[in-house]
Amino acid sequence: MAGERGGALRLRGLSGCAPIAAPGVFWRSCRVALGNVDHVRHGTLRLELPEALAGARPARRAEFLGGRLCAALALRAAGSDGAVGRAGRVPVWPAGFSGSITHAQGRVLAAACRGGAGIGIDLAPLFSAALAAELGPRLGVPVGLPGRDAARQATLLFAAREALFKALSAGLADIPDFGAAVQLGIAGDRVLLRFRGGAWPVRFRFVAGACIALARAETRLDGEAVPGWPGGSHRGDAGDGTAAA
Numbered sequence: 001m002a003g004e005r006g007g008a009l010r011l012r013g014l015s016g017c018a019p020i021a022a023p024g025v026f027w028r029s030c031r032v033a034l035g036n037v038d039h040v041r042h043g044t045l046r047l048e049l050p051e052a053l054a055g056a057r058p059a060r061r062a063e064f065l066g067g068r069l070c071a072a073l074a075l076r077a078a079g080s081d082g083a084v085g086r087a088g089r090v091p092v093w094p095a096g097f098s099g100s101i102t103h104a105q106g107r108v109l110a111a112a113c114r115g116g117a118g119i120g121i122d123l124a125p126l127f128s129a130a131l132a133a134e135l136g137p138r139l140g141v142p143v144g145l146p147g148r149d150a151a152r153q154a155t156l157l158f159a160a161r162e163a164l165f166k167a168l169s170a171g172l173a174d175i176p177d178f179g180a181a182v183q184l185g186i187a188g189d190r191v192l193l194r195f196r197g198g199a200w201p202v203r204f205r206f207v208a209g210a211c212i213a214l215a216r217a218e219t220r221l222d223g224e225a226v227p228g229w230p231g232g233s234h235r236g237d238a239g240d241g242t243a244a245a
């Protein structure tokens, strides 16, 4: 029932492994049971569900608590005992640290690092062919790609844009449309996005039926044309959905 208090969050697979290795970036991830919960405990940490979310759907409650726990643990690994605050739906990180949280279908990831330059991460489950056909044109997926390749590219571009917008969110006065960030090329495990006069390489990896993306505000490249970056589309590489490192 909406507003009903619940029990403790059950989580599994809590890990500090980095799905995308990057200097100074600390990750934590887990899976959560999507139930009616109101707090989570781990060691000496106990986090309570905010009153504003007391009436939220069970999945929202569970993923919120799992995300905040992973964020707190990532911050500790980065050197901060501070808490992640909240302004509306946006996490507020301790002074001198940056971070990002993402979740989907019971999977939760958080990343944190020292410094004020923003970072952003996103977890996007692999698009269905129908969803890729619907969103592909807005995301800039090239016309004529085979179904599987179109779905992978749509997923990648969605995750990369979300990660970039999170990394830059502190300096944005609006919520950009998908089309505001344009793909310039893909090389290895990076996609280059042009956005409002600059270009940012966004790291990505396909794993376990989803695309994980990592963007860092400090990696901005000036200008719209960046030498050395190939154009074209990403057609995937491994049959199990894991991108080359």
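Start counting the sequence shown at 1; every next residue gets the next number (UniProt numbering). Cβ coordinates follow ideal geometry from the N, Cα and C atoms, glycine included.
When the Cα atoms are used, what is the spatial distance from LEU45 to ARG68?
Looking at the two C-alpha atoms, the distance is approximately 11 Å.
Report the option in ALA210, ALA215, LEU172, PHE204 whose CA atom is closest to the CA atom of ALA196.
Looking at the sequence itself, residue 196 is Arg, so the reference to Ala does not match. Residue LEU172 is the option with its Cα nearest to ARG196.
Near ALA159, what residues of its chain come up, given a Cβ to Cβ distance below 6 Å and the 5 sequence neighbours on each side ignored?
Counting only Cβ-Cβ distances below 6 Å, and skipping sequence neighbours, we find ASP122, ALA124, CYS211, ALA213.
Using 8 Å for Cβ pairs, my map puts GLY147 next to ALA129. What's the rounded Cβ distance?
Contact flag correct, Cβ pair sits at about 5 Å.
So what does DSSP say about PRO58, is it helix, strand or coil?
The answer is helix: DSSP assigns PRO58 an H, G or I state.
Tell me whether ALA199 sits in a helix, a strand or coil according to DSSP, three-state version.
Three-state result, ALA199: strand.
Who does LEU221 pair with in a DSSP beta bridge?
Its beta-bridge partners are ALA199.
Since PHE178 contacts LEU139 with CB under 8 Å, what's their CB separation in whole angstroms?
6 Å between Cβ atoms; contact.
Using 10 angstroms around the beta-carbon of GLN153, count the other beta-carbons present and answer buried if the total reaches 16, otherwise exposed.
When all chains shown are included, GLN153 counts as buried.
Starting from the Cα of ARG205, find the closest Cα among ILE186, LEU11, GLU218, ASP81 and give me that residue.
For the residues ILE186, LEU11, GLU218, ASP81, the minimum Cα distance to ARG205 belongs to ILE186.
Taking the continuous beta strand (DSSP E) assigned at GLU48, which residues delimit it?
Run containing GLU48: 45 to 48, per the beta strand (DSSP E) assignment.
Name the DSSP beta bridge partners of residue 249, please?
With the chain represented from 1 up to 245, any question about residue 249 goes unanswered, as that position is not in the structure.
Flag this pair as yes or no: are the beta carbons of ARG61 and ARG31 separated by less than 7 Å?
Taking 7 Å as the Cβ cut-off, ARG61 and ARG31 do not qualify as a contacting pair.
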